[in-house]
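A.B. asks:
Number of protein chains: 2
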Amino acid sequence: MTFEQYLEESQARHLDELFALLRIPSISALEENRSDCVHAASWLAERMKQAGLEHVQVYPTAGHPLVYGDWLHNPDAPTVLIYGHYDVQPVDPLHLWRSEPFEPQVRNERIWARGVSDDKGQLFLHIRAIEALLQTEGKLPVNVKVLFEGEEEIGSPHLGPFISEHAAQLAADLLVVSDTGMAATGVPTICCGLRGICALEVRLTCANTDCHSGLFGGAVPNALHALTALLAKLHDERNKVAVPGFYDSVKELSAAQRKQLAAVAFDETELLRRLELSAFAGEEGYTVKERISIRPTLELNGLWGGFLGEGSKTVIPAQAFAKISCRLVPDQDPQQIAQLVASHLQRLCPPYARLEVEIGHGGRPYVCDPDTPEVQAISKALSATFGQPVAMERMGGSIPIVDTFVTVLQAPVILMGFAPPDANAHAPNESMELSTWRLASRAICRAWYELAKSA
Amino acid sequence: MTFEQYLEESQARHLDELFALLRIPSISALEENRSDCVHAASWLAERMKQAGLEHVQVYPTAGHPLVYGDWLHNPDAPTVLIYGHYDVQPVDPLHLWRSEPFEPQVRNERIWARGVSDDKGQLFLHIRAIEALLQTEGKLPVNVKVLFEGEEEIGSPHLGPFISEHAAQLAADLLVVSDTGMAATGVPTICCGLRGICALEVRLTCANTDCHSGLFGGAVPNALHALTALLAKLHDERNKVAVPGFYDSVKELSAAQRKQLAAVAFDETELLRRLELSAFAGEEGYTVKERISIRPTLELNGLWGGFLGEGSKTVIPAQAFAKISCRLVPDQDPQQIAQLVASHLQRLCPPYARLEVEIGHGGRPYVCDPDTPEVQAISKALSATFGQPVAMERMGGSIPIVDTFVTVLQAPVILMGFAPPDANAHAPNESMELSTWRLASRAICRAWYELAKSA
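Residue numbers (my numbering), protein chains in the order written: chain G, 1 to 455; chain B, 1 to 455.
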């Protein structure tokens, strides 16, 4: 039996297994889901063993556990380190989901569930591929090491130290990550650039208690007024980030690079229609495609203060809160940008208010060289499987740990992702196309053959 | 036994009874507390009967019930209509309360509980006074009608129609309301002006779903950016309300009136210390006292959007929400001002966003003549009881229904309130001084005697 036949015949069983994994609500950000993350890790370890991986082990951390396994019986072939994450984003606002986030459903030829694109559905593709090759050929054309973590969505606080401590164990010729998306439905895509990220939490305090807006309104400062005034000054009238120094280390693209980027298919009208938007927003002087991939941003991810319940409560809020994150491009440094934002806010804070800024997780931006033999080999496998040329794309998302892998392991990285452009990762109604999920494991098997040939 | 002796001897029992009332969580804004409002109304009806009131009846409404009772056996004396409300404000943020909001405690010679100042503690003073006079004298020096409602904190939607339908039943020579505060501890106070109010809720929508801030950040509009930008334009750099037309109908005070207002004791330093504030905010060109009493305001009472949980969620929020209220002064009209604010926001709303504004409850501002015989009579009783001259004050709060009473019943109103300046009404740790609560019922008894004499 060929691996293609094996994948075809195992399709239904593999989908059932993926559903079992998707049912585990492994939200890394929430304390209440801690045991679910442990559960997901041990589930994966079992499944990796079944697939034929060896030395499978769950590594506890101070946060959520890591899972490792390998198959290393091909001393003359290159070694690939496969990275993925089993943790997922929170699911609120829950009422906007058309089906339960942790009860996967197939509708309209798609799988709907939190994590199906980001990243459980994608990491499972690699397990399927390894199993198919070992069951049909009895061996892999390359050596593989598999590392799955449970803290990607909270900034991978324990993965960096783990990589440093296990550098020899993780040593590889190539790192492959399947946590990105496809340029369009059915278009195989290699991501050759990612934005970095930095995150901040802001608390603004005026009085030591909420006050009656009748008795004190007009004189006792309102934390929401102070905070909205500050936040409104984070962008200028051209929608550029107004933090001094924010763009200082940004490398502008050459005209040729901008032209290359523009050549990748991107359907603005379809995106507007899907999001029911009349127009895009964003930085003047750049295309929509550029704004979401090669330009840095600053976004408010959350904001709250005062009375949030039903009806009315005529109160002067004493405190107000905001969650802010920036997407970064070469050569912005996450720590430095977070500091610039914090200083800008402190400078603008009125005398009657006190501002506390907590700087959270960060990750540097990443770009890769599209002309290496490894990229060429994997491109060949992808285009042969999907019947289309590979799109080489810079993407707007962040996988901060990529930079650590590259630095510590001194190996190139290939971001080969299968999420659809409308995956709704991090949002309600996350999904993945069944057709892509069917083809992708086949493409991965072929990629290992092409890689072995090119070495 | 004199009524003074009766009040002294019944002190402990009356306090127990007040505590029982305070334990009922009659929050009018929350659906889950609907039955508590019914409970508070029936509790009051029973207690009014015990005090000797007649024709006691609970009147159901489409919202929370009203309670009425009277004593009308003094045909030659004037009739006083006493108004109060048994509903209370919500209690969040709950973690800031030093004791449970609905488990009253005495600490530092104060009673601590939600509603003890606003307004259960104050309406109970009237029940005590009526009981003391009927138990010791067998009669009242005036006729009284008592009307308590359960929807003051949500804008009294059913009281206006009730007053109109029961105008004959409620007819009186004077309306007395004890729902305001004292200028300073121990200083008896008549409130001769109240601000009006209007309230709005705003919902701003961009896309039809939250989006991943990496994949779409920079182009897909962020509802929090759009809303904070709008809200930041509600005040100008001098902290004046920037809504066109907002001040058009505001009557400026004369120099003499401003001087009179400045003469009322107001300890700015103490208020700053108590709220742990380094400075006040507010409109340039007016004193702090003026800003909180005779100037109109616009306040954000609540604001939220995006991810509010622990940790980080890198999302572009699709929707953002705000609760806004304005305090109004003569001759601003609530409906008109709410419309001006709504139109201003709609005008500023960017093309990629959709703004929905819901206009909530409103109430007109109120000012009274301090030189009438009724005001003089009641002032005499207050100053005799508290041993200090009465402060005549304009206050910043709103009791919207006062305007309806005046219009429908064509009777003057006296606002004789006993809440301390640091009552924390509408905020965590609401309280009232025990010493004031002890004296106030005595002052009320005396007020009825003085009123009968002056008639």
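For every residue, glycine included, the Cβ atom is placed at its ideal position computed from N, Cα and C.
#1: Taking the straight line between their C-alpha atoms, what separation do you get for Arg-446(G) and Asp-371(G)?
#2: Do you know whose CA, among Gln-260(G), Leu-439(G) and Thr-404(G), lies nearest Gly-363(G)'s CA?
#3: Helix, strand or coil for Thr-314(B)? Go by DSSP, reduced to three states.
#4: When you compare only the Cα positions, how much space is there between Val-91(G) and His-426(G)?
#5: My output table needs one value for Ile-27(G): the three-state DSSP class, helix, strand or coil.
#6: Whole angstroms are fine: how far does the CA of Ala-223(B) sit from the CA of Pro-296(B)?
#7: Give me the subset of the region 296–309 of chain B whose CB atoms are less than 7 Å from a CB atom of chain G, sorted by chain position.
#8: Would you check if the distance between the CB atom of Leu-21(B) and the CB atom of Lys-120(B) is smaller than 9 Å?
#9: Figure out for me which residue from Leu-18(B), Arg-438(B) and Asp-179(B) has the closest Cα to the Cα of Glu-109(B).
#10: Along chain B, in chain order, which residues have C-beta atoms closer than 7 Å to that of Met-416(G)?
#11: Assess, as a yes-or-no matter, whether the region 380–390 of chain G is touched by the region 176–183 of chain B under the definition of 3 or more beta carbon pairs within less than 8 Å.
#12: Taking the C-alpha atoms as reference points, what is the distance between Glu-4(B) and Gln-332(B)?
#13: Is the shortest distance between the beta-carbon of Tyr-366(G) and the beta-carbons of chain B less than 9 Å?
#14: Between the region 74–94 of chain G and chain B, which residues of the former have CB atoms less than 9 Å from a CB of the latter, in chain order?
#15: Between which two residues does the alpha helix (DSSP H) harbouring Lys-145(G) extend?
#16: Using a Cβ-Cβ distance cut-off of 9 Å, determine whether Phe-457(G) contacts chain B.
#17: Using DSSP with H/G/I as helix, E/B as strand and the rest coil, what is Ile-294(G)?
#18: At a Cβ threshold of 9 Å, is Met-48(B) touching chain G?
#19: What span of residues does the beta strand (DSSP E) with Met-48(B) cover, start to end?
#20: Hey, which unbroken runs of the alpha helix (DSSP H) at 4 residues or more fall wholly within the region 121–175 of chain B?
#21: Determine, using beta-carbon pairs with one atom in the region 311–319 of chain G and one in the region 308–319 of chain B, whether at least three such pairs fall under 8 Å.
#22: Starting from the beta carbon of His-212(G), find every residue of chain B whose beta carbon is closer than 7 Å, and list them in chain order.
#23: What's the call for Glu-151(B), buried or exposed, on a 16-neighbour Cβ count within 10 Å?
#24: Go through the region 355–442 of chain G residue by residue and report every complete run of the beta strand (DSSP E) that reaches 3 residues or more, in order.
#25: Would you give the residue range spanned by the beta strand (DSSP E) that Asp-495(G) belongs to?
#26: Work out the CA separation of Tyr-86(B) and Ala-167(B) for me, nearest whole Å.
#27: Does the beta carbon of Leu-458(G) sit closer than 9 Å to a beta carbon anywhere in chain B?
#28: For the putative contact between Leu-53(B) and Val-146(B), defined by C-beta atoms under 8 Å, what is the C-beta separation to the nearest angstrom?
#29: Hey, out of Leu-328(B), Arg-442(B) and His-361(B), whose CA is closest to Ala-384(B)'s CA?
#30: What are the residues of the region 264–278 of chain B that lie near chain G, defined by any Cβ-Cβ distance shorter than 7 Å?
#31: Which chain B residues are close to His-461(G), counting only those with a beta carbon under 7 Å from its beta carbon?
#32: Just how far apart, CA to CA, sit Gln-105(B) and Leu-308(G)?
#33: Do we get a CB-CB distance below 9 Å when we pair Ser-178(B) with the residues of chain G?
#34: Is Glu-54(G) helix, strand or coil by DSSP?
#35: Do three or more CB pairs link the region 211–223 of chain B to the region 264–284 of chain G at distances below 8 Å?
#36: Of the residues that make up the region 189–201 of chain B, which ones have a beta carbon closer than 9 Å to any beta carbon in chain G?
C.D. replies: On the basis of the supplied data:
#1: Residue mapping note: residue 446(G) aligns to position 446 of the first sequence, counting from 1. Residue mapping note: residue 371(G) aligns to position 371 of the first sequence, counting from 1. The straight-line gap from Cα to Cα measures roughly 19 Å.
#2: Numbered from its first residue, the first sequence carries residue 363(G) at position 363. Minimum Cα distance to Gly-363(G) is reached at Thr-404(G).
#3: As a working note, residue 314(B) is residue 314 in the second sequence. Coil.
#4: Counting from one through the first sequence, the residue named residue 91(G) turns up at place 91. Counting from one through the first sequence, the residue named residue 426(G) turns up at place 426. Going by the C-alpha atoms only, they are around 8 Å apart.
#5: Numbered from its first residue, the first sequence carries residue 27(G) at position 27. Ile-27(G) falls in the strand class under three-state DSSP.
#6: What you label residue 296(B) is simply residue 296 of the second sequence in a count that begins at 1. What you label residue 223(B) is simply residue 223 of the second sequence in a count that begins at 1. Cα to Cα, the separation comes out at about 29 Å.
#7: Thr-297, Glu-299, Leu-300, Asn-301, Gly-302, Leu-303, Trp-304, Gly-305, Gly-306, Phe-307, Leu-308 and Gly-309
#8: Stepping through the second sequence from its first residue, residue 21(B) is reached at position 21. Stepping through the second sequence from its first residue, residue 120(B) is reached at position 120. Cβ atoms of Leu-21(B) and Lys-120(B): closer than 9 Å.
#9: In the second sequence, the residue the question calls residue 109(B) occupies position 109. Among Leu-18(B), Arg-438(B) and Asp-179(B), the Cα nearest to that of Glu-109(B) is on Arg-438(B).
#10: As a working note, residue 416(G) is residue 416 in the first sequence. What Met-416(G) touches in chain B: nothing, since even the nearest Cβ is about 17 Å away.
#11: no
#12: On the second sequence, residue 4(B) is found 4 positions in, with the first residue counted as 1. On the second sequence, residue 332(B) is found 332 positions in, with the first residue counted as 1. Their backbone Cα atoms lie some 44 Å apart in a straight line.
#13: Walking along the first sequence from the start, residue 366(G) turns up at place 366. With 9 Å as the cut-off, Tyr-366(G) does not count as an interface residue toward chain B.
#14: Gln-89, Pro-90, Asp-92 and Pro-93
#15: Your numbering for residue 145(G) matches position 145 in the first sequence. That residue, Lys-145(G), is in no alpha helix (DSSP H); its beta strand (DSSP E) goes 143–149.
#16: One cannot answer for residue 457(G) here, as it falls past the ends of chain G, which runs 1 to 455.
#17: Walking along the first sequence from the start, residue 294(G) turns up at place 294. Residue state, collapsed to three classes: coil.
#18: Within the second sequence, the letter at position 48 stands for residue 48(B). Chain G, which has no Cβ nearer than 9 Å to the Cβ of Met-48(B), makes this no.
#19: Position 48 of the second sequence holds residue 48(B). It is not in any beta strand (DSSP E) - Met-48(B) instead sits in the alpha helix (DSSP H) that spans 34–51.
#20: 159–165 and 167–170
#21: no
#22: On the first sequence, residue 212(G) is found 212 positions in, with the first residue counted as 1. Within chain B, the residues near His-212(G) are Gly-397, Ala-425, His-426 and Ala-427.
#23: Counting from 1 along the second sequence, the entry for residue 151(B) is found at position 151. Flag for Glu-151(B) reads buried.
#24: 391–394, 413–416 and 431–433
#25: Outside the displayed range of chain G (1 to 455) lies residue 495(G), so it cannot be described from this structure.
#26: Taking the first residue of the second sequence as 1, we reach residue 167(B) at position 167. Taking the first residue of the second sequence as 1, we reach residue 86(B) at position 86. Each residue's Cα considered, the two are about 21 Å apart.
#27: Outside the displayed span of chain G (1 to 455) sits residue 458(G), for which this structure offers no information.
#28: As a first step, residue 53(B) is located in the second sequence; it is residue number 53 there, counting from the start. As a first step, residue 146(B) is located in the second sequence; it is residue number 146 there, counting from the start. Between Val-146(B) and Leu-53(B) the Cβ distance is about 6 Å, and since that is below 8 Å, they are a contact.
#29: Start at 1 with the first residue of the second sequence, and residue 384(B) comes out as number 384. Per the Cα distances, Arg-442(B).
#30: Leu-275, Glu-276, Leu-277 and Ser-278
#31: Here chain G has residues from 1 to 455 only, and residue 461(G) is not among them.
#32: Residue numbering aside, residue 105(B) sits at position 105 when the second sequence is read from its first letter. Residue numbering aside, residue 308(G) sits at position 308 when the first sequence is read from its first letter. The alpha-carbon atoms of Gln-105(B) and Leu-308(G) are separated by roughly 27 Å.
#33: Reading the second sequence from its first residue, position 178 is the one you call residue 178(B). Chain G, which has no Cβ nearer than 9 Å to the Cβ of Ser-178(B), makes this no.
#34: Taking the first sequence and counting its residues from 1, one reaches residue 54(G) at position 54. Strand, per DSSP.
#35: yes
#36: Leu-194, Arg-195, Ile-197, Ala-199 and Glu-201
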